[in-house]
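Here's the structure, in structure tokens; my notes come after.
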Amino acid sequence: MTGLRVSVGDVVDFGAASGDRNPLHLDREFALRSAYGRPVAHGALATIVALGLAADREELARVVELSVDFDQPVLPGLTYRVRRSPRGVEVRLGELRVLTARWTLADRAADTAPAAPAARGAGADRPGPPPLPDGGGPRVLGLAELAGLVDESYAYRVDSAALAELLSRGAAAGVPDALTGPLAWASFHTGMRTPGRDGLLVGIRLRLTGARERPAEVWSCRAEPPLVHRRTGMVTVHAELDGAASATLTLVSLLRRQVAAPTLVETLGTLPRSNALAGRTVAVIGGGRGLGAALSCSLAGQGARVLAVSSTPATALTREASAERLPIEPLTCDARDPEALTTAFSGVALDGLVLAAAPRILSLPVAAATVPECVDHVADAARLVLAPLAAAHELLAERAFVVFVSSSAVLEPPAAWPHYAAAKAAIEGLAGHLARHRPGLRVVVARPPRMWTEMTNGPAGAAGATPVGVVAGAVVRHLLSGPAASGRPDVLGPDALSGP
Amino acid sequence: MPVDGTTAAEAVLAAFKDVTGDTAPRGLDTLPQDVGEWTSLAHVRLVHAIEQQLGCELPERFLAVGPSLGELAAAAGTGGGTA
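Note that the protein sequences, when read in sequence, are chains A and B.
Residue numbers are given in this note's numbering: position 412 of the first sequence equals residue 412, and the series is strictly consecutive.
Take any residue in the second sequence, note its place counting from 1, add 1000, and you have its number in this note's numbering.
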């Protein structure tokens, strides 16, 4: 058993060497808005390092077929277990499988290098296709645009020297160019071309049809038009490469859907517009996006003045508030910082506080390698509730309400989310504490069902998810009509929040 | 076009093995909680593979993790809605 660990620097270097500069790997601000909440490593980088750690140079020189499946992202800074199997290698985080690579070996190394026909591309006498224009970012394509693509041919350049230097740092120097080149290209083509910026590489099928003694820097590639499965967002690309080897590849990727910003209209079916909260002021922490934005719209739809606090400017919410003439005041402020919040709330009497901010949810099974991450998650989640509560504590009116956004995961925690279940349980503990020690306050714990937000923008997308507007409407409807303060939190379960 | 129930069951089991790398431990009774590798991504790949192989379109609710392999096979066996 060996440990695999890539650093942020490794990811940057692989991006430069492979040309895969997809912002999910390299742009912290972009990645922050993804379901992962941080940059993730290139799957191809993790694969190459895992191969180098698990197999020797002679064995890898005999690989004629390689099949790689990606189940989970590889996060820089975490240590993963690399486990050898008879025909490949597995990478796991605790018991959670992260990637699997299976190979077929030729009987002898010489069998991988048949007399190369070199009938096409960089190895042929005639020139290969031209390179792509330099300097472009990743393509941003939707399903319809992907379905309309035609085949494309271009010369792909990989910085072999930089890649070799990077791999030698990770003790993966024995992986031959005939494998690193196609894997780097798979990363480049998926992350920069097809699907481009919003693609996630989930599978590679590589078949080497002949190794050659050639410079490994330039590969001639021809990619067929992608096969697009509209309902799932799966994109399949068949391609041929010619360079340090001849290879055929099938790349399977998933197009991440863009989550639409919630609107007032979404909540109206659950809760018609009124002036029931006119004259009240409510602060919504995490109010710029997702459920928080929907709660901001829903509360403002009842006439409340809403202070929508978010860590980055809430552009879509600001647009919605303007279009619908909603009394929402977006506040850009770090909800982890009680002093900044105290300043932001200065001179305001609050009739309500909604605690909807939470950290991104990664899959982190119980394992030695994940302990720091899990503890950090629980602490961060608690801070995102405690800091606003501390800042607002003295400002809350005697009969104000406080809503704690928890989750149905408290009742049925997913296997790889122990940190999330612990964090939500801690938050519910805080709700109980507040209800007991501020008995005049009306404390509500909301446990929504699965929703489709930037934070939960997983492969299933909107399928089976309750719209955030429906959940927000149900929470606010409860605030308008539910029981008075009782010294205990009102708990709204997933059934109560799933709409009529 | 609806497909034969046996064909659908075989196709679903084969697709499961292809996606997860393992045989379904409880056959068609296998549920997501029985298999650690049956993640939301694996489920989407499974639905994709089933629809591609059988030329059917499963109802929207089957895109989310939850149903057993048998339920997927039953839906695929009736054509899932459209062919």
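Yeah, the Cβ is synthetic: ideal placement off N, Cα and C, and Gly gets one too.
Note that the structure is a prediction, hence the values are computed from the model and not measured.
Review point. Quick one, which of A:485, A:257, A:350 has its alpha-carbon nearest residue 397 of chain A's?
Key: When C-alpha distances from residue 397 of chain A are compared across A:485, A:257, A:350, the shortest belongs to A:350.
Check your understanding: Under the rule that 16 or more other beta-carbon atoms within 10 Å means buried, what is residue 265 of chain A, buried or exposed?
Key -> With a threshold of 16 other beta carbon atoms within 10 Å, residue 265 of chain A falls short and is exposed.
Check your understanding: Excluding the five sequence neighbours on either side, which residues of its own chain have a C-beta within less than 6 Å of the C-beta of residue 311 of chain A, listed in chain order?
Key -> Contacts found: 334.
Review point. Taking residue 322 of chain A as the reference, which of A:301, A:345, A:152 has the closest Cα?
Key: Out of A:301, A:345, A:152, A:301 has the C-alpha closest to the C-alpha of residue 322 of chain A.
**Study point:** Enclosing alpha helix (DSSP H) for residue 322 of chain A [first to last residue]
**Key:** 315–324 is the extent of the alpha helix (DSSP H) around residue 322 of chain A.
Exercise for review: Let me know the alpha helix (DSSP H) ranges lying completely inside the region 34–97 of chain A, each 4 residues or longer, listed in chain order.
Suggested key: As summarised for the region 34–97 of chain A, the continuous alpha helix (DSSP H) elements at least 4 residues long and confined to that stretch are 43–54, 57–60, given in chain order.
Review point. What is the rounded straight-line gap between the Cα of residue 117 of chain A and the Cα of residue 222 of chain A?
Key: Confidence at residue 117 of chain A is low in this model, with a pLDDT of 43, below 50, so its placement is unreliable and no value can be given for it.
Exercise for review: Report the rounded CA-to-CA distance for residue 50 of chain A versus residue 82 of chain A, giving the unit in angstroms.
Suggested key: C-alpha separation (whole angstroms): 6 Å.
Review point. Do the region 369–381 of chain A and the region 409–422 of chain A touch if we need at least three Cβ pairs shorter than 8 Å?
Key: When Cβ pairs closer than 8 Å are counted between the two stretches, the region 369–381 of chain A is seen to touch the region 409–422 of chain A, the count reaching three or more.
Review point. Short check: CB of residue 441 of chain A to CB of residue 388 of chain A, under 8 Å?
Key: No, these two residues do not count as a Cβ contact at 8 Å.
Review point. First and last residue of the alpha helix (DSSP H) that includes residue 185 of chain A?
Key: For residue 185 of chain A, the uninterrupted alpha helix (DSSP H) run begins and ends at 177–188, by DSSP.
Check your understanding: How long is the line joining the alpha carbons of residue 271 of chain A and residue 303 of chain A, rounded to whole angstroms?
Key -> Straight across, the Cα-Cα distance linking residue 271 of chain A with residue 303 of chain A is about 12 Å.
Point to revise | Residues within the region 58–88 of chain A neighbouring chain B, beta-carbon criterion of under 9 Å | key: Residues of the region 58–88 of chain A that bring their beta carbon within less than 9 Å of a beta carbon in chain B comprise 69, 70, 71, 72, in sequence order.
Review point. What is the DSSP secondary structure of residue 373 of chain A, reduced to helix, strand or coil?
Key: DSSP places residue 373 of chain A in the helix class (H, G or I) of the three-state scheme.
**Study point:** residue 252 of chain A versus residue 201 of chain A - alpha carbon distance
**Key:** Answer to the nearest angstrom: the Cα atoms are 6 Å apart.
Check your understanding: What are the start and end residues of each continuous beta strand (DSSP E) run of 3 or more residues lying completely inside the region 196–243 of chain A, in chain order?
Key -> The beta strand (DSSP E) runs of length 3 or more contained entirely in the region 196–243 of chain A are, from start to end of the chain, 199–211, 218–223, 227–229, 234–242.
Point to revise | Span of the beta strand (DSSP E), counted from its first residue to its last, around residue 399 of chain A | key: According to the DSSP assignment, residue 399 of chain A belongs to the beta strand (DSSP E) that extends over 396–405.
**Study point:** Sub-8 Å separation of residue 8 of chain A and residue 76 of chain A beta-carbons
**Key:** Using a Cβ distance threshold of 8 Å, residue 8 of chain A and residue 76 of chain A count as a contacting pair.
Point to revise | Euclidean distance between Cα positions of residue 1020 of chain B and residue 254 of chain A | key: Using only the alpha carbons, I get a separation of about 17 Å.
Point to revise | Short Cβ contact (8 Å threshold) for residue 460 of chain A with residue 1048 of chain B | key: The Cβ-Cβ distance between residue 460 of chain A and residue 1048 of chain B does not fall below 8 Å.
Exercise for review: State the DSSP-derived secondary structure class of residue 1037 of chain B, mapped to helix, strand or coil.
Suggested key: Residue 1037 of chain B: coil per DSSP, three-state reduction.
**Study point:** Beta-carbon proximity check, residue 404 of chain A vs residue 431 of chain A, cutoff 8 Å
**Key:** For residue 404 of chain A and residue 431 of chain A, yes; Cβs fall inside 8 Å.
Practice item. Measure the beta-carbon distance from residue 360 of chain A to residue 408 of chain A and round it to whole angstroms, keeping in mind my assumption that it falls under 8 Å. Key: With a beta-carbon spacing of about 18 Å, residue 360 of chain A and residue 408 of chain A fall beyond the 8 Å limit used to define contacts.
Check your understanding: Anyone know if the C-beta pair for residue 299 of chain A and residue 282 of chain A falls short of 8 Å?
Key -> In contact: residue 299 of chain A and residue 282 of chain A (Cβ atoms closer than 8 Å).
Check your understanding: Who are the neighbours of residue 415 of chain A on chain B, taking C-beta pairs under 9 Å?
Key -> Near residue 415 of chain A (Cβ distances below 9 Å), the residues of chain B are 1033, 1036.
Point to revise | Simplified DSSP state of residue 353 of chain A, which is helix, strand or coil | key: In the structure shown, residue 353 of chain A sits in a strand (DSSP, three-state: E or B).
**Study point:** Proximal residues to residue 395 of chain A (C-beta, below 8 Å), its chain only, five neighbours per side dropped
**Key:** Cβ-Cβ distances below 8 Å link residue 395 of chain A to 345, 348, 349, 350 in the same chain, with the five nearest sequence neighbours on each side left out; the list follows chain order.
Check your understanding: Where does residue 361 of chain A fall in DSSP's three states?
Key -> Of the three classes helix, strand and coil, the one that applies to residue 361 of chain A here is coil, per DSSP.
Exercise for review: Could you pull out every residue in the same chain whose Cβ sits closer than 7 Å to the Cβ of residue 166 of chain A, ignoring the five residues on either side in sequence?
Suggested key: So the list reads 10, 13, 14, 17, once near-sequence residues are dropped.
Review point. Since residue 343 of chain A is in the alpha helix (DSSP H), which residue starts that stretch and which ends it?
Key: That run of the alpha helix (DSSP H) goes 338–344.
Practice item. Would you identify the three-state DSSP class for residue 248 of chain A, choosing helix, strand or coil? Key: Looking at residue 248 of chain A - three-state DSSP - the assignment turns out to be strand.
Check your understanding: What span of residues does the alpha helix (DSSP H) with residue 488 of chain A cover, start to end?
Key -> Unbroken run through residue 488 of chain A: none, as it is neither H nor E.
Check your understanding: When the Cα of residue 95 of chain A is compared with those of B:1071, B:1075, B:1036, B:1053, which residue comes out closest?
Key -> Residue B:1036 is the option with its Cα nearest to residue 95 of chain A.
Check your understanding: Do you know how far the Cα of residue 480 of chain A is from the Cα of residue 262 of chain A?
Key -> One C-alpha to the other measures close to 21 Å.
Point to revise | Residues near residue 149 of chain A in its chain [Cβ-Cβ closer than 7 Å; skip 5 each side] | key: Same-chain partners within the cutoff: 194, 225, 226.
**Study point:** Straight-line gap, residue 434 of chain A to residue 406 of chain A (C-alpha atoms, nearest Å)
**Key:** Looking at the two C-alpha atoms, the distance is approximately 15 Å.
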